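First to last, the sequence lines map onto chains A and B. Letter by letter, the first sequence follows residues 1 to 270 in UniProt numbering. Letter by letter, the second sequence follows residues 1 to 131 in UniProt numbering. Right, one structure below, let's go through it.
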Amino acid sequence: MSRISFRILHAGALRRPMGECSRVFKERYPDLPVELESAGSRECAARIFSGGIYDVVALADTAVFASWLVPDYVDNYYVFATDQMVVAFDRYSRGSGKITGDNWMDVLLSPGVIYGRSDHNLDPCGYRTLMVWQLAEKFYGRPGLYKTLKDRCSRIYPKSIDLAGALVEGRVEYAFLYSSVARQLGLCQVNLPSRINLSSPALAGYYATASVTLEGRKPGERVLLTGAPIEFAVAVPRNARYPVEARWLVEFITGAEGQQILENCGLIPC
Amino acid sequence: MCKCSCSWNFTADRLLLPVLLFLLRLKPAHGYELIQKLAQLDLLEGEVDPATVYRNLRRMEQEALVVSSWEATGTGPARRKYTLTSRGEELLDECMLAVRRQKEKLEKFIRLYENECRPDLQGGESCLPQG
Chain A
1 MSRISFRILH AGALRRPMGE CSRVFKERYP DLPVELESAG SRECAARIFS GGIYDVVALA
61 DTAVFASWLV PDYVDNYYVF ATDQMVVAFD RYSRGSGKIT GDNWMDVLLS PGVIYGRSDH
121 NLDPCGYRTL MVWQLAEKFY GRPGLYKTLK DRCSRIYPKS IDLAGALVEG RVEYAFLYSS
181 VARQLGLCQV NLPSRINLSS PALAGYYATA SVTLEGRKPG ERVLLTGAPI EFAVAVPRNA
241 RYPVEARWLV EFITGAEGQQ ILENCGLIPC
Chain B
1 MCKCSCSWNF TADRLLLPVL LFLLRLKPAH GYELIQKLAQ LDLLEGEVDP ATVYRNLRRM
61 EQEALVVSSW EATGTGPARR KYTLTSRGEE LLDECMLAVR RQKEKLEKFI RLYENECRPD
121 LQGGESCLPQ G
């Protein structure tokens, strides 16, 4: 009789690092079938909330753990990496030859240019994009920039990795992504100023001036989420079928070897 | 250069290591908190780069200058908390000797400049070696 699979649920943005970590896990536990499943982090939390059973869950925002999963589904969750928001593009994107950290919004708002983001109700990269736009309005002193960028954004994908795929395939010309995802896919990127890229704990108070209203866990419920530095976290759910093996994987991800994998994937282990 | 086996040498942009050692000597802390304190202290050139801080903390742990453990706060996330080791304390003391030596050299250079190039600022006699 075949064994029940060891199930890993992770944010789409973590596809490559989790894939590489799971390969090491399979070497450690060769008799245990492993299933990897990815979605936007809020969608991941919703799957657990609605009864899904997983052994390890790795999400792109600690706030998702705090608001959806602790304490009913997860006891402890461990911050293991950070990142920054960037504007990703490729050399065929219109205006790619002149885009900089100062004029990116003008390039994106040029006639005919197509840019995209992920869905803020499903994916932290989506609500972080909206926060970046709010902070940009203040940082660059451009009243109305947030609304203009939001209104003109015609492509919205369920999770950031889908958005990245759309950029690779040329369906969008610019995408708001994590730097690590852009690097993994060999995309070009414009680094944004630290005051808007959600990278630095030193600017946590400033980031908190941005906020986005999201759908809550229950139908009709709305929650306000404020900006914060990007932090990825991992946990062993309380109902994991393989808690011992799951703890091994979490220790691996947060240990020296796992940190090297994360760094190779463009994340900042912490 | 320090007399110990470390490779630390003072320049303004390399204060990060001794400042991290100093902050951790005051109390154990996690990287998130250290980045906030580094920004408040404003001792380093330019902005505090989180990636550089986290990379330094990992290297410091590999060199046994700090040890880390997970600390959870209530329902908040668990973060890696760093504690200074005795080896880290020794290195901080050695770094500070090098900082003081560099401070003396910089002050001497400023005096030379003011005496030789801007006597209006000091009005003193030349302190250059004769001959």
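Virtual Cβ for every residue (Gly too), placed ideally from N, Cα, C. Remember, predicted model here, so these are calculated numbers, not experimental data.
Cut-off 6 Å between Cβ atoms - residues of its own chain near residue i, not counting five sequence neighbours on either side
i	result
Thr82(A)	Ile230, Glu231, Ile268 and Cys270
Leu32(A)	Phe6
Leu26(B)	none
Pro124(A)	Ser41, Ala60 and Asp61
Ala235(A)	Val57, Val74 and Tyr77
As assigned by DSSP and simplified to three states, the class of residue i
i	result
Thr100(A)	coil
Glu35(A)	strand
Arg28(A)	helix
Pro111(A)	coil
Gly258(A)	helix
Ile8(A)	strand
Ala12(B)	Low per-residue confidence applies at Ala12(B): pLDDT is 49, beneath 50, and the placement is therefore not dependable, though the value from the model is reported in the following sentence. Three-state DSSP puts Ala12(B) in a helix.
Glu20(A)	helix
residue 133(B)	Since the first residue of chain B shown is 1 and the last is 131, residue 133(B) is not available in this structure.
Thr73(B)	coil
Leu65(B)	coil
Tyr92(A)	coil
Cys95(B)	helix
Val53(B)	helix
Leu187(A)	coil
Leu177(A)	strand
Val19(B)	helix
Arg117(A)	strand
Arg87(B)	helix
Arg59(B)	helix
Arg3(A)	coil
Arg100(B)	helix
Arg79(B)	strand
Rounded distance between the beta-carbons of residue j and residue i, thought under 8 Å
i	j	result
Ser160(A)	Leu177(A)	6 Å
Asn56(B)	Leu20(B)	6 Å
Ala166(A)	Arg155(A)	7 Å
Asn239(A)	Ala72(B)	With a Cβ gap of about 20 Å, Asn239(A) and Ala72(B) do not count as contacting.
Ala60(A)	Ser41(A)	5 Å
Ala58(A)	His10(A)	4 Å
Asn191(A)	Val86(A)	6 Å
Tyr54(A)	Pro237(A)	6 Å
Leu135(A)	Met105(A)	Contact flag wrong, Cβ pair sits at about 12 Å.
Arg94(A)	Val113(A)	5 Å
Leu180(A)	Gln189(A)	According to the sequence displayed, residue 180(A) carries Ser and not Leu. Going by Cβ atoms, the distance from Ser180(A) to Gln189(A) rounds to 10 Å, so no, they are not a contact pair.
Leu44(B)	Leu16(B)	6 Å
Phe80(A)	Ile253(A)	6 Å
Ala88(A)	Leu198(A)	That belief does not hold up - the Cβ atoms of Ala88(A) and Leu198(A) are roughly 15 Å apart, past 8 Å.
Contacting residues, own chain, Cβ-Cβ under 7 Å from residue i (five flanking each side not counted)
i	result
Leu69(A)	Ala45 and Ile48
Val212(A)	His120, Tyr127, Leu130, Met131 and Leu225
Lys147(A)	none
Gly74(B)	none
Gly258(A)	Cys21 and Phe252
Arg15(A)	Ser38 and Ile161
Gly170(A)	Tyr92
Met18(A)	Ile8, His10, Leu36 and Ala58
Spatial neighbours of residue i in its chain, beta-carbon cut-off 8 Å, leaving aside the 5 residues before and after
i	result
Phe22(B)	Leu92
Thr83(B)	Leu24, Pro28, Val66, Val67, Ser68 and Ser69
Leu203(A)	Ser194, Arg195 and Pro229
Lys81(B)	Pro28, Ala29, His30, Ser68, Ser69, Trp70 and Glu71
Ser200(A)	Ser194 and Pro229
Lys37(B)	Leu23 and Ala29
residue 271(A)	Only positions 1 to 270 of chain A appear in the structure, and residue 271(A) is not among them; the question remains open.
Phe139(A)	Pro193, Arg195 and Ile196
Pro243(A)	Asp55 and Val236
Residue i Cβ short of 7 Å to the ligand MG heavy atom set
i	result
Ser211(A)	Looking at this structure, you won't find the ligand MG or any other ligand, since it has none at all.
(request) Write down every uninterrupted run of the alpha helix (DSSP H) in the stretch 190-255 of chain A whose length is 4 residues or greater and which is fully enclosed by it, in chain order. (result) Runs of the alpha helix (DSSP H) inside the stretch 190-255 of chain A: 204-207 and 243-254.
Closer than 7 Å between beta carbons: that is the criterion. Which residues of the stretch 74-89 of chain A meet it against chain B? Within the stretch 74-89 of chain A, the qualifying residues are Asn76, Tyr77, Tyr78, Val79 and Thr82.
**Request:** May I have a chain-ordered list of the beta strand (DSSP E) segments no shorter than 3 residues that lie completely inside the stretch 122-168 of chain A?
**Result:** Within the stretch 122-168 of chain A, the complete beta strand (DSSP E) runs of at least 3 residues are 155-157.
Taking a cut of 7 Å between CB atoms, which residues from the stretch 41-55 of chain B lie near chain A? Residues Glu47, Val48, Pro50, Ala51 and Tyr54.
Relative to chain B, which residues along the stretch 51-77 of chain A have a C-beta separation below 8 Å, given in chain order? When CB distances to chain B are screened at a threshold of 8 Å, the residues of the stretch 51-77 of chain A falling below it are Thr62, Phe65, Ala66, Val70, Pro71, Asn76 and Tyr77, in chain order.
- May I ask you to list, following chain order, the residues of the stretch 218-242 of chain A that have a beta carbon less than 8 Å from some beta carbon of chain B? Going along the stretch 218-242 of chain A in chain order, one finds Pro229, Glu231 and Ala233 with a Cβ nearer than 8 Å to chain B.
- Contained beta strand (DSSP E) runs [length at least 3] in the stretch 31-76 of chain A, N- to C-terminal order: Considered as a whole, the stretch 31-76 of chain A harbours 34-39 and 56-59 as its complete beta strand (DSSP E) runs of no fewer than 3 residues, in chain order.
Inset, instruction - Could you name the residues of the stretch 72-92 of chain B whose beta carbon sits closer than 9 Å to any beta carbon of chain A, in the order they occur along the chain? - result: Answer in chain order: Ala72, Thr75, Gly76, Pro77, Ala78, Arg79 and Arg80.
Note down, in chain order, all residues in the stretch 249-264 of chain A with a beta-carbon under 9 Å from any beta-carbon belonging to chain B. Correct list: Thr254, Ala256, Gln259 and Glu263.
Against chain B: residues of the stretch 89-120 of chain A by CB proximity under 9 Å:
Those residues of the stretch 89-120 of chain A that come within reach of chain B (Cβ to Cβ, closer than 9 Å) do not exist; the list is empty.
Residues within the stretch 189-202 of chain A neighbouring chain B, beta-carbon criterion of under 7 Å
Using a CB distance below 7 Å, the part of the stretch 189-202 of chain A facing chain B consists of Ser194, Ser199, Ser200, Pro201 and Ala202, ordered along the chain.
(request) Could you please tell me which residues of the stretch 27-49 of chain A, in chain order, have their CB closer than 7 Å to any CB of chain B? (result) Here the close residues number zero.
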